[in-house]
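Visitor:
Numbering (the numbering used here), first residue to last: 1 to 363.
1) Going by CA-CA distance only, name the one from 70, 124, 107, 316 that's closest to residue 273.
2) With a cut-off of 8 Å on the beta carbons, I'd call residue 74 and residue 132 a contact; round off their distance for me.
3) Which of the three DSSP states, helix, strand or coil, is assigned to residue 177?
4) Tell me whether the stretch 104-112 and the stretch 160-172 touch, counting them as touching only if at least three CB pairs, one residue from each stretch, are closer than 8 Å.
5) Thinking C-alpha only, which one of 271, 191, 38, 209 is nearest residue 302?
6) Give me the residue from 243, 60, 314, 150 with the minimum Cα distance to residue 373.
7) Using the three-state DSSP reduction, which class does residue 297 fall into: helix, strand or coil?
8) Could you please give the first and the last residue of the uninterrupted beta strand (DSSP E) stretch that includes residue 228?
9) Should residue 360 go down as buried or exposed, given a rule of 16 or more other Cβ atoms within 10 Å for buried?
10) What do you reckon, are the CB atoms on residue 46 and residue 308 nearer than 7 Å?
11) Looking at the strands, I want to know which residues DSSP matches up with residue 377.
12) Hey, quick one: how far does the beta strand (DSSP E) through residue 200 stretch, first residue to last?
13) Can the beta-carbon of residue 138 be found closer than 7 Å to that of residue 185?
14) What is the C-beta distance between residue 96 and residue 69, in whole angstroms, given that I count them as a contact (C-beta under 8 Å)?
15) Cα separation between residue 231 and residue 98?
16) List the whole-angstrom C-beta distance separating residue 116 from residue 174, where the pair is believed to meet the contact cut-off of C-beta under 8 Å.
17) Let's see if you can read the secondary structure: which residues bound the alpha helix (DSSP H) around residue 166?
18) Residue 293 and residue 252 - do their beta-carbons sit closer together than 7 Å?
19) Just how far apart, CA to CA, sit residue 261 and residue 82?
20) Mind checking residue 314: buried by the 16 CB within 10 Å criterion, or exposed?
21) Whether or not the stretch 138-147 and the stretch 330-350 are in contact is what I'm after, with contact meaning three or more pairs of Cβ atoms, one per stretch, closer than 8 Å; do they touch?
22) Looking only at its chain, what residues have a beta carbon closer than 7 Å to the beta carbon of residue 119, apart from the 5 residues adjacent to it on each side?
23) Spell out the partners DSSP gives residue 103 in its beta bridges.
24) What is the DSSP secondary structure of residue 213, counted as helix, strand or coil?
25) For residue 210, does the count of other Cβ atoms within 10 angstroms reach 16, so buried, or fall short, so exposed?
26) Where residue 84 and residue 90 are concerned, what is the direct C-alpha to C-alpha distance, given to the nearest angstrom?
27) Could you give the residue range of the alpha helix (DSSP H) that holds residue 144?
28) DSSP on residue 273, reduced to helix/strand/coil?
29) Taking just the CA atoms, how far does residue 363 sit from residue 285?
30) Between which two residues does the alpha helix (DSSP H) harbouring residue 366 extend?
31) Could you have a look at residue 129 and say whether DSSP puts it in helix, strand or coil?
32) Could you spell out where the beta strand (DSSP E) holding residue 113 opens and where it closes?
In structure tokens:
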């Protein structure tokens, strides 16, 4: 028989542990960083920059991801900035806004990313999802490039992108044809991505940098593209926002109309980039609008940093922390899905499907 004293001690212990659990539950997301309890999976990350230089892959895994980031996509930049001595002389540009010289597609980026990934031990490879980017989306051979990369580096890639259809200042600098929604080359590569099970990450500004009043230039084309390819899993990067291209006044209504329409069940949105974050956290209204949509449709959004060749973990986590006011407005379910669960669901399936395609088509 249990004495009253034992009962009292037991009751006090139960109260103590209950209060402790409540305090842990109330912690901010950034405080939960214990072993195995990472902050997020990163759906948008560039290892290298516009001159194909960047962070060492081992530094990225060990020092920058560390125990703060669970998994991460891995891609470089598909475009190389030309250093034209005629234009800038000895001043070597490292960014596309630093010179008037052209950009050109740099296909070696895929081999570089594959070899960086293969240099990792298996337990670290499991945290990385490399993406294919080194193709020209106006080229009817683009799908062949993607196919060739998969058969040359089996077991490596899970997706395609980030690649660009329309991007302010960038599109006009690229040598050759300008990418278009209506290009058969784009349809061909998206059809192949559906066949192989590759996730597709697309950058497409929703409008021009200095738009005329009326319907945004690149919304209907993007919507039509998604509808034409219902079997292709697509992520629209940055909610269609660019460095100069601001969100539409009714942006979240546009997004809600798409995620609530079965015709776009294959479409997801990432909220990567500090340029996007500044708009979302700009006011109580923008925050509440964004939180409302994400809470209502938690399966359709993903978080990424969109950092390029970061040099420190502190710098790398800045975008995540800009969003702290948003995380605090999300339900636990929505926060878990946008930061972790949706990434794992999409890329776990991609890994399985792409490996199966590779097995069938191995050399």
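Virtual Cβ for every residue (Gly too), placed ideally from N, Cα, C. Since we're looking at a predicted model, the values are computed, not measured.
Guide: In short, the structure shows the following:
1) Selected option, being the one with the closest Cα: 316.
2) About 11 Å separates the beta carbons of residue 74 and residue 132, which is beyond the 8 Å limit, so they are not a contact pair.
3) In this structure, DSSP gives residue 177 a state outside helix and strand, which the three-state scheme calls coil.
4) Contact between the stretch 104-112 and the stretch 160-172 is absent: fewer than three C-beta pairs spanning the two stretches fall below 8 Å.
5) Measuring from the Cα of residue 302, the nearest candidate turns out to be 271.
6) Residue 373 lies beyond the range of the chain shown here (1 to 363); nothing can be said about it.
7) Judged by DSSP in its simplified three-state form, residue 297 adopts coil rather than helix or strand.
8) Counting along the chain, residue 228 falls outside any beta strand (DSSP E), though it belongs to the alpha helix (DSSP H) covering 219-228.
9) Exposed, because fewer than 16 other Cβ atoms sit within 10 Å of the Cβ of residue 360.
10) Yes. Within cutoff.
11) The structure shown does not extend to residue 377, since the chain spans only 1 to 363, so no value can be given for it.
12) Start and end: 199-204.
13) For residue 138 and residue 185, yes; Cβs fall inside 7 Å.
14) Not a contact, Cβ separation roughly 27 Å.
15) Roughly 39 Å between the two C-alpha positions.
16) About 25 Å separates the two Cβ atoms, so there is no contact after all.
17) If you look at residue 166, you'll find it isn't in any alpha helix (DSSP H); it sits in the beta strand (DSSP E) that goes 159-166.
18) The Cβ atoms of residue 252 and residue 293 sit closer than 7 Å to each other.
19) Their Cα atoms are separated by approximately 42 Å.
20) Residue 314 comes out exposed.
21) A contact between stretches requires three or more CB pairs, one per stretch, nearer than 8 Å, and the stretch 330-350 fails this requirement with the stretch 138-147.
22) For residue 119, where only same-chain residues beyond five positions count, the Cβ hits under 7 Å are 57.
23) For residue 103, which the question treats as bridged, DSSP gives the partners 81, 174.
24) Coil.
25) With fewer than 16 other Cβ atoms within 10 Å, it is exposed.
26) Taken atom to atom, the span from the alpha-carbon of residue 84 to that of residue 90 is near 9 Å.
27) It spans 142-152 - the alpha helix (DSSP H) in which residue 144 sits, taken as one unbroken run.
28) Coil, per DSSP.
29) Between residue 285 and residue 363, the C-alpha separation is close to 55 Å.
30) Beyond the ends of the chain as shown, which are 1 and 363, falls residue 366; an answer cannot be given.
31) For residue 129, the secondary structure class from DSSP, reduced to helix, strand or coil, is strand.
32) Note, residue 113: premise wrong, no beta strand (DSSP E); alpha helix (DSSP H) at 108-118.
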